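Q: Below you will find the structure I want to go over with you.
Protein chains in written order, with full-length UniProt numbering: chain A, 1 to 293; chain B, 1 to 224.
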């Protein structure tokens, strides 16, 4: 079943992600893709994540397809203008890539080419409209296409952003621009997430809660101090601390599994997006402990 | 106004190492307010050049350095000093430098400043970039705050995921442009407007360089 059909069927969907490597050695990446094959409903392929130059998302999406895993093409507006974005979308379409996640993208100052000229000719809301337009057989300038695309397009949302109101206004704009599904920034406080979901449920879109594995109390503190829109509650930090150094990661995996189990059992959202960030091999373990496989 | 800052002195010396005598031209507008083209700045550079063994034949502060005809007229009384100078140093923005390039066809013209941005002076010699001269103003839709300029990504429809506690992902010193716009629109009771009106992708054709404007078309018509 395709990712789109799975979401529409009401199944609790699971996505994970693969970060393309920096360089042409893709052995480890293929190992991760193989590891997740048959377990996840789709695999996000990040687009020069954190503005660090890597293999392009489209090429890795094609490799995922060849290995029998449905990819979600992440597409940011940082590196290409509207011509490049549309051209790549048409290219992705003929390669058999069905899903696209539209994002503005981290600023070049976050990455490894700080002197690059950032593009941002369009941004996430406008990119969603572009995808919608290509699906309807026209480019964004209104020119007829010889053959339309058939993308299932999604976007991201940060349910715990501070302040939240401007983010929610943007969320609604994304819905109106054609977003069909959302993958959220990492969620650690399920009760707070429920509040967001009671708002988001008013819209005809599917929501996948972001799950980022906590490796240690130190990582949790780092996130709280540095990463926007993510808040690790103190009780989780205490739990990781109590586990001690050796068992911290295992506890982190348990926390992720526990959260996924609760999200599914209480039917809080439509699925989860697990971001293992370099620990792709741990995704099956989390899924197993969450009772998903 | 156009915000300028002095070039690194060593860089300037490297650029002008082939010349001995100089005439200095400042500008009484933006560069004076930035402290890069005032009489004081001319005096200071004159001293610095003399200390390096260079000769300064004279200097003056143009009324509006980017005004080609006006500056040319103002330079007439300085003919003798100009003739004695191998090189002209312009202490203004890039527009002023290029006005001089047009005026002095046969003399080398070097800038002493780097031109930074179009800015507002918020306090004495403190400047903020607020307008990008994009050619098609959207301030009517964003509560009078330009997200194209105030947001490092120029996002037109709301904050990105990098906004943290109302601050920008690029620097905690920058308040998120979209949080500012949200707060202003809320104060003006225009949040619904902000929510309903998703902005189209920018029409960049209005900023294709170089741009030209004839602000007095009736005069042009008379010529015809």
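Virtual Cβ for every residue (Gly too), placed ideally from N, Cα, C. Since the model is a prediction, treat every value here as computed from it, not as a measurement.
Just to make sure I have the definition right: I need the residues of chain A whose C-beta is within less than 7 Å of the C-beta of residue 165 (chain B). Which are they?
A: Against the second chain, residue 165 (chain B) aligns to sequence position 165. The contacting residues are 162.
Q: Could you please give me the residues that DSSP links to residue 188 (chain A) through a beta bridge?
A: Numbered from 1 along the first chain, position 188 holds the residue referred to as residue 188 (chain A). None; residue 188 (chain A) has no bridge partner.
Q: Within the same chain, show all residues whose beta-carbon is closer than 7 Å to that of residue 220 (chain A), passing over the 5 residues directly before and after it, in chain order.
A: Taking the first residue of the first chain as 1, we reach residue 220 (chain A) at position 220. Only residues of its own chain outside the window of five on either side were considered, and among them 214, 232, 236, 237, 240 have a CB closer than 7 Å to the CB of residue 220 (chain A), listed in chain order.
Q: For residue 153 (chain B), would you say it is in contact with chain A, using Cβ-to-Cβ distances shorter than 8 Å as the test?
A: For the purposes of this step, residue 153 (chain B) is taken as the residue at position 153 of the second chain. True, the Cβ-Cβ gap to chain A drops below 8 Å.
Q: Please report the distance separating the alpha-carbon of residue 39 (chain B) from that of residue 177 (chain A).
A: What you label residue 39 (chain B) is simply residue 39 of the second chain in a count that begins at 1. What you label residue 177 (chain A) is simply residue 177 of the first chain in a count that begins at 1. Using only the alpha carbons, I get a separation of about 56 Å.
Q: Please classify residue 222 (chain A) as buried or exposed, where buried requires at least 16 neighbouring CB atoms within 10 angstroms.
A: Counted from its first residue, the first chain places residue 222 (chain A) at position 222. Counting other Cβ atoms within 10 Å of its Cβ, residue 222 (chain A) stays below 16 and is therefore classed as exposed.
Q: Should residue 161 (chain B) be flagged as near chain A, meaning a C-beta pair shorter than 8 Å?
A: Within the second chain, numbered from 1, the residue matching residue 161 (chain B) stands at position 161. Judged by the 8 Å Cβ criterion, residue 161 (chain B) is in contact with chain A.
Q: So within the stretch 173 to 259 of chain A, which uninterrupted alpha helix (DSSP H) runs reach at least 4 residues, ignoring any that extend past its ends?
A: Entirely contained in the stretch 173 to 259 of chain A, the alpha helix (DSSP H) runs reaching 4 residues are, in chain order, 190 to 200, 217 to 226.
Q: Considering only C-alpha positions, which residue in the set B:60, B:49, B:210 is nearest to residue 78 (chain B)?
A: Residue mapping note: residue 78 (chain B) aligns to position 78 of the second chain, counting from 1. Checking every option, the nearest Cα to that of residue 78 (chain B) belongs to B:60.
Q: Do residue 169 (chain B) and residue 162 (chain B) count as a contact pair if the criterion is CB distance below 8 Å?
A: Start at 1 with the first residue of the second chain, and residue 162 (chain B) comes out as number 162. Start at 1 with the first residue of the second chain, and residue 169 (chain B) comes out as number 169. Closer than 8 Å, so yes.
Q: Hey, could you find the ends of the beta strand (DSSP E) residue 157 (chain B) is sitting in?
A: Mapped onto the second chain, residue 157 (chain B) falls at position 157. Residue 157 (chain B) -> no beta strand (DSSP E), and no H or E assigned at all.
Q: Can you tell me which residues form a DSSP beta bridge with residue 123 (chain B)?
A: Numbered from its first residue, the second chain carries residue 123 (chain B) at position 123. Answer is B:126.
Q: Output needed for residue 133 (chain A): all residues of its chain with C-beta closer than 6 Å, excluding positions within five of it in sequence on either side, in chain order.
A: Here residue 133 (chain A) is taken as the residue at index 133 of the first chain, counted from 1. Contacts found: 140.
Q: Please classify residue 183 (chain A) as buried or exposed, where buried requires at least 16 other C-beta atoms within 10 Å of its C-beta.
A: Stepping through the first chain from its first residue, residue 183 (chain A) is reached at position 183. Label assigned to residue 183 (chain A): buried.
Q: Output yes if chain B places a C-beta closer than 8 Å to the C-beta of residue 169 (chain A); else output no.
A: As a working note, residue 169 (chain A) is residue 169 in the first chain. It does: the Cβ of residue 169 (chain A) has a partner Cβ on chain B nearer than 8 Å.
Q: Could you work out which residues of chain B lie near residue 109 (chain A), taking near to mean beta carbons separated by less than 8 Å?
A: To locate residue 109 (chain A), count along the first chain from 1; it is residue 109. Here the neighbours are 152, 170.
Q: For residue 21 (chain B), report the span of its beta strand (DSSP E) as first-last.
A: What you label residue 21 (chain B) is simply residue 21 of the second chain in a count that begins at 1. First-last of the beta strand (DSSP E) with residue 21 (chain B): 21 to 27.
Q: At what residues does the alpha helix (DSSP H) containing residue 197 (chain B) begin and finish?
A: As a position in the second chain, residue 197 (chain B) is number 197, starting the count at 1. Note, residue 197 (chain B): premise wrong, no alpha helix (DSSP H); not H, not E.
Q: When you compare each of A:204, A:162, A:56, A:172 to residue 20 (chain A) by their alpha carbons, which one comes out closest?
A: Within the first chain, residue 20 (chain A) is the residue found at index 20, counting from 1. Nearest option by C-alpha distance: A:56.
Q: Is it the case that the stretch 107 to 118 of chain B contacts the stretch 12 to 26 of chain B, given that we only count it when at least three CB pairs across the two stretches are under 8 Å?
A: yes
Q: When the Cα of residue 106 (chain A) is compared with those of A:75, A:218, A:23, which residue comes out closest?
A: For the purposes of this step, residue 106 (chain A) is taken as the residue at position 106 of the first chain. Ranking the options by Cα distance to residue 106 (chain A), first place goes to A:75.
Q: Count the other CB atoms within 10 Å of the CB of residue 3 (chain B); is the residue buried (16 or more) or exposed (fewer)?
A: Along the second chain, one-based indexing puts residue 3 (chain B) at 3. Residue 3 (chain B) comes out buried.
Q: Give the straight-line distance between the Cα atoms of residue 11 (chain B) and residue 32 (chain B), rounded to the nearest whole angstrom.
A: Mapped onto the second chain, residue 11 (chain B) falls at position 11. Mapped onto the second chain, residue 32 (chain B) falls at position 32. Roughly 22 Å separates the two Cα atoms.
Q: With H, G and I counted as helix, E and B as strand and the rest as coil, what does DSSP make of residue 182 (chain B)?
A: In the second chain, the residue the question calls residue 182 (chain B) occupies position 182. In the structure shown, residue 182 (chain B) sits in a helix (DSSP, three-state: H, G or I).
Q: Could you give the distance in angstroms between the alpha-carbon of residue 198 (chain A) and the alpha-carbon of residue 271 (chain A)?
A: Translated into the one-based positions of the first chain, residue 198 (chain A) becomes position 198. Translated into the one-based positions of the first chain, residue 271 (chain A) becomes position 271. Straight-line spacing of the CA atoms in residue 198 (chain A) and residue 271 (chain A) works out to 15 Å.
Q: Would you mind stating whether residue 79 (chain A) and residue 119 (chain A) have Cβ atoms separated by less than 8 Å?
A: Here the question's residue 79 (chain A) lines up with position 79 in the first chain. Here the question's residue 119 (chain A) lines up with position 119 in the first chain. Closer than 8 Å, so yes.
Q: Closer than 9 Å between beta carbons: that is the criterion. Which residues of the stretch 227 to 249 of chain A meet it against chain B?
A: 227, 228, 229
Q: To the nearest angstrom, how far is the alpha carbon of residue 171 (chain A) from that of residue 157 (chain A)?
A: Position 171 of the first chain, counted from the start, is the residue given in the question as residue 171 (chain A). Position 157 of the first chain, counted from the start, is the residue given in the question as residue 157 (chain A). Rounded to whole angstroms, residue 171 (chain A) to residue 157 (chain A) spans 7 Å at the Cα level.
Q: Got a sec: is the Cβ-Cβ distance from residue 206 (chain B) to anything in chain A below 8 Å?
A: Within the second chain, residue 206 (chain B) is the residue found at index 206, counting from 1. By this cut-off, residue 206 (chain B) is not an interface position.
Q: With 16 as the cutoff for other CB atoms within 10 Å, does residue 214 (chain B) come out buried or exposed?
A: Translated into positions along the second chain, residue 214 (chain B) becomes position 214. Exposed, by the Cβ-count rule.
Q: Within 10 Å of its beta-carbon, does residue 83 (chain B) have 16 or more other beta-carbons around it, so buried, or fewer, so exposed?
A: For the purposes of this step, residue 83 (chain B) is taken as the residue at position 83 of the second chain. Label assigned to residue 83 (chain B): exposed.
Q: Take the Cβ of residue 142 (chain B) as the centre, count every other Cβ of all protein chains shown within 10 Å, and call the residue buried at 16 or more, exposed below.
A: For the purposes of this step, residue 142 (chain B) is identified with residue 142 of the second chain, where counting begins at 1. Of the residues assessed, residue 142 (chain B) falls on the buried side of the cut-off, its CB having 16 or more other CB atoms within 10 angstroms.
Q: For chain A, check one thing: does any of its Cβ atoms lie closer than 8 Å to the Cβ of residue 182 (chain B)?
A: Your numbering for residue 182 (chain B) matches position 182 in the second chain. Cβ-Cβ to chain A under 8 Å: yes for residue 182 (chain B).
Q: In chain B, which residues lie less than 9 Å from residue 123 (chain A) when you measure between Cβ atoms?
A: Walking along the first chain from the start, residue 123 (chain A) turns up at place 123. Residues of chain B passing the Cβ test: 153, 154, 155, 156, 157, 158, 160, 201.
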